[in-house]
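Undergrad: First to last, the protein sequences are chains V and P. Here the first sequence is numbered in the numbering used here, starting from 349 and rising by one per residue. Here the second sequence is numbered in the numbering used here, starting from 349 and rising by one per residue. Cβ coordinates follow ideal geometry from the N, Cα and C atoms, glycine included. In this text the structure is predicted, and so the values were computed from the model without any measurement.
Number of protein chains: 2
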Amino acid sequence: MDSLKNLEQLIVKNRSYRRFYESERISEENLKSWVNLARQSASARNMQTLKYMLLTQESDCDKMFPLLSWAGYLEDWQGAEKGERPSAYIVVLNDNSLSEQYFSDDGIASQSILLGATSSGYGGCIVVAVKHKPLREWLKIPQEYKIIQVIALGKPKEQVVLEALPQNGDYKYWRDSEGVHHVPKRSLDEIILNNVNSR
Amino acid sequence: MDSLKNLEQLIVKNRSYRRFYESERISEENLKSWVNLARQSASARNMQTLKYMLLTQESDCDKMFPLLSWAGYLEDWQGAEKGERPSAYIVVLNDNSLSEQYFSDDGIASQSILLGATSSGYGGCIVVAVKHKPLREWLKIPQEYKIIQVIALGKPKEQVVLEALPQNGDYKYWRDSEGVHHVPKRSLDEIILNNVNSR
């Protein structure tokens with residue numbers, strides 16, 4: 349990584365993608381290389397309580413897909429059709445036997461994984477709305493592992509653009525008639541509370 | 349960002365630094381450019397509930413330092429001496445008036461900020477052990493803002509190395525007689541639960 353500008357390009361490219369070229373499969377080695385980024389990232393008290401399950405086979409992906417809810421704001425859309433679905437998943441778990449408290453490790457790890465996927469030419473989406481019970485039963489996830497979220501991954505097949513929040517302040521993402529996904533982002537002025545230095 | 353390899357180098361370089369060249373100040377523009385990375389990162393339901401306060405002035409940094417607890421595992425060390433302390437801080441808040449639930453946004457944002465700092469030649473440390481009451485009173489943080497964590501930033505003045513967990517499984521970081529900070533990391537085999545594909 350050479351510069352802030354390169355990093356910013358990567359972060360902007362790393363959008364939440366929900367439609368993919370499903371036939372472009374992702375290897376387990378790819379997933380491991382991205383989890384390895386999470387592994388080398390910061391961890392609160394260095395406890396490293398997060399654990400991961402990797403799914404790449406089409407039959408497993410077919411089972412995972414209906415356990416996830418997609419894009420709550422797109423009311424007319426129930427998720428990608430077959431052919432445009434994710435081609436791999438990473439289940440992010442917390443090993444409660446080590447500690448139930450993982451502070452912000454989940455986001456740190458997920459951001460590292462998704463930046464890795466993006467830098468490898470893929471993309472993905474963090475899904476929190478997961479049907480825990482059937483997922484736990486299917487993957488035989490022991491009770492001491494808390495299901496935090498699932499990262500869906502694939503070769504992106506949609507355009508996602510960032511834009512300013514509209515006048516009415518509506519932050520909901522939306523999809524236009526061309527299928528472009530629009531994501532309104534608050535301004536820097538809105539999220540930086542005040543200039544402490546000029547008090 | 350060109351490749352996974354470059355990203356991995358950045359992620360490995362982005363360690364939790366706790367000693368800095370305090371006289372190397374960080375500009376507010378620097379901090380804003382890093383918060384701008386967080387702004388453009390993923391947010392659950394795109395609600396973007398996180399807010400930030402920026403501190404760069406030496407007098408403010410002097411007030412912030414005693415409100416933070418440093419490196420719990422280094423029992424003989426109460427934090428950096430004057431001259432080696434952070435030269436800027438970002439207070440990460442959640443705007444509960446938007447939503448009390450921010451999922452993993454805190455970690456996503458903090459990772460983006462710290463990768464930004466690292467790519468700009470700086471470094472930092474996420475501090476969760478913060479004296480909330482005096483911080484809230486001093487910075488006049490309204491009650492509807494939850495204090496999540498503080499990111500301490502500066503020009504790193506210490507060497508931090510990642511290494512494998514020792515045989516006894518002790519994950520605590522430690523500092524050797526040369527002042528090098530050692531961080532044991534679990535192996536990829538330990539954190540990837542099982543090969544779902546080979547069940």
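1) Measuring only the C-alpha atoms, how far is residue 447 of chain V from residue 453 of chain V?
2) Could you run through the segment 420 to 435 of chain P and flag, in chain order, every residue whose CB is less than 8 Å away from some CB of chain V?
3) Using the three-state DSSP reduction, which class does residue 523 of chain P fall into: helix, strand or coil?
4) For residue 481 of chain P, is the classification buried or exposed, using 16 other Cβ atoms within 10 angstroms of its Cβ as the cut-off for buried?
5) In the DSSP assignment, what residue or residues form a beta bridge with residue 443 of chain V?
6) Counting only Cβ-Cβ distances shorter than 8 Å, please list the residues of the segment 511 to 525 of chain V near chain P, keeping chain order.
7) Between residue 497 of chain V and residue 458 of chain V, is the Cβ-Cβ spacing less than 8 Å?
8) Report buried or exposed for residue 510 of chain V, applying the criterion of at least 16 other Cβ atoms within 10 angstroms of its Cβ.
9) Which residues bound the beta strand (DSSP E) around residue 553 of chain V?
10) So what's residue 540 of chain P in DSSP terms, helix, strand or just coil?
11) Counting only beta-carbon separations shorter than 8 Å, does residue 380 of chain V have a partner in chain P?
12) Residues of the segment 379 to 408 of chain V in Cβ contact with chain P at a cutoff of 7 Å, in chain order, please.
13) Which one or two residues does DSSP pair with residue 374 of chain V in a beta bridge?
14) Using CA atoms only, rank isn't needed, just tell me which of V/516, V/367 and V/396 is closest to residue 513 of chain P.
15) Anything in chain P within Cβ reach of residue 533 of chain V, meaning under 9 Å, just list it in chain order.
16) Taking beta-carbon pairs under 8 Å, can you tell me which members of the segment 434 to 458 of chain V lie near chain P?
17) What are the complete alpha helix (DSSP H) segments, minimum 4 residues, inside the segment 458 to 494 of chain P?
18) Straight-line CA distance for residue 441 of chain P to residue 432 of chain V?
19) Pull the bridge partners of residue 434 of chain V from the DSSP assignment, please.
20) Tell me whether residue 490 of chain V is buried or exposed, calling it buried when 16 or more other Cβ atoms sit within 10 Å of its Cβ.
21) In the DSSP assignment, find the unbroken beta strand (DSSP E) run with residue 423 of chain P in it and report its ends.
22) Measuring straight from C-alpha to C-alpha, what distance separates residue 429 of chain P and residue 403 of chain P?
23) Could you pull out every residue in the same chain whose Cβ sits closer than 8 Å to the Cβ of residue 535 of chain P, ignoring the five residues on either side in sequence?
24) Have a look at residue 380 of chain P and residue 487 of chain V and give me their C-alpha separation to the nearest angstrom.
25) So is residue 377 of chain V buried or exposed if we call it buried at 16+ other beta carbons inside 10 Å?
26) Count the other C-beta atoms from every protein chain shown that fall within 10 angstroms of the C-beta of residue 450 of chain P, then say buried if there are 16 or more, exposed otherwise.
27) Comparing C-alpha positions only, which one of P/435, P/418, P/470 and P/504 sits nearest to residue 476 of chain P?
28) For residue 368 of chain P and residue 503 of chain P, which I take to be in contact (beta-carbon distance under 8 Å), what is that distance rounded to the nearest angstrom?
29) Using a Cβ-Cβ cut-off of 6 Å (strictly less than) and excluding sequence neighbours within five positions of residue 393 of chain V, which residues of its own chain qualify?
30) Listed from N- to C-terminal order along the chain, which residues in the segment 475 to 492 of chain V have their beta-carbon within a distance smaller than 7 Å of any beta-carbon of chain P?
TA: With the structure as the only source:
1) Going by the C-alpha atoms only, they are around 12 Å apart.
2) For chain V, the residues of the segment 420 to 435 of chain P that bring a beta carbon within less than 8 Å of one of its beta carbons are 420 and 421, in chain order.
3) Residue 523 of chain P falls in the strand class under three-state DSSP.
4) Its Cβ having fewer than 16 others within 10 Å, residue 481 of chain P is exposed.
5) The partner list for residue 443 of chain V (beta bridge, DSSP) reads V/493.
6) Flagged, chain order: 519, 520 and 521.
7) Between residue 497 of chain V and residue 458 of chain V, the CB-CB gap stays under 8 Å.
8) Looking at its Cβ environment, which holds fewer than 16 other Cβ atoms inside 10 Å, residue 510 of chain V is exposed.
9) The requested residue 553 of chain V is not part of the displayed model; chain V covers only 349 to 547.
10) Three-state DSSP puts residue 540 of chain P in a strand.
11) In terms of beta-carbon proximity, residue 380 of chain V lines the interface with chain P, with at least one pair separated by less than 8 Å.
12) Correct list: 380, 381, 383, 384, 385, 387, 388, 389, 390, 392, 393, 394, 395, 396, 398, 399, 400, 401, 402, 403, 404, 405 and 408.
13) For residue 374 of chain V, which the question treats as bridged, DSSP gives no partner whatsoever.
14) Residue V/396 is the option with its Cα nearest to residue 513 of chain P.
15) Going along chain P in sequence order, the residues near residue 533 of chain V (Cβ under 9 Å) are 387, 388, 391, 394 and 396.
16) Those residues of the segment 434 to 458 of chain V that come within reach of chain P (Cβ to Cβ, closer than 8 Å) are 441, 451, 452, 453, 454, 455, 456, 457 and 458.
17) Those alpha helix (DSSP H) runs which fall completely within the segment 458 to 494 of chain P and span 4+ residues are 480 to 487.
18) Whole-angstrom Cα-Cα distance: 37 Å.
19) DSSP, once it has assigned bridges, lists no residue as partnering residue 434 of chain V.
20) Burial is judged here by how many other beta carbons sit within 10 angstroms of a residue's own beta carbon; residue 490 of chain V has fewer than 16 and is exposed.
21) DSSP places residue 423 of chain P outside any beta strand (DSSP E), giving it a letter other than H or E.
22) Rounded to the nearest whole angstrom, the C-alpha separation of residue 429 of chain P and residue 403 of chain P is 19 Å.
23) Hits under 8 Å: 512 and 513.
24) C-alpha of residue 380 of chain P to C-alpha of residue 487 of chain V: approximately 43 Å in a straight line.
25) Burial call: exposed.
26) Buried is the call here.
27) With distances taken between Cα atoms, residue 476 of chain P lies closest to P/418.
28) Contact flag correct, Cβ pair sits at about 5 Å.
29) Nothing listed; no residue qualifies.
30) From the segment 475 to 492 of chain V, only 476 and 487 have a Cβ closer than 7 Å to chain P.
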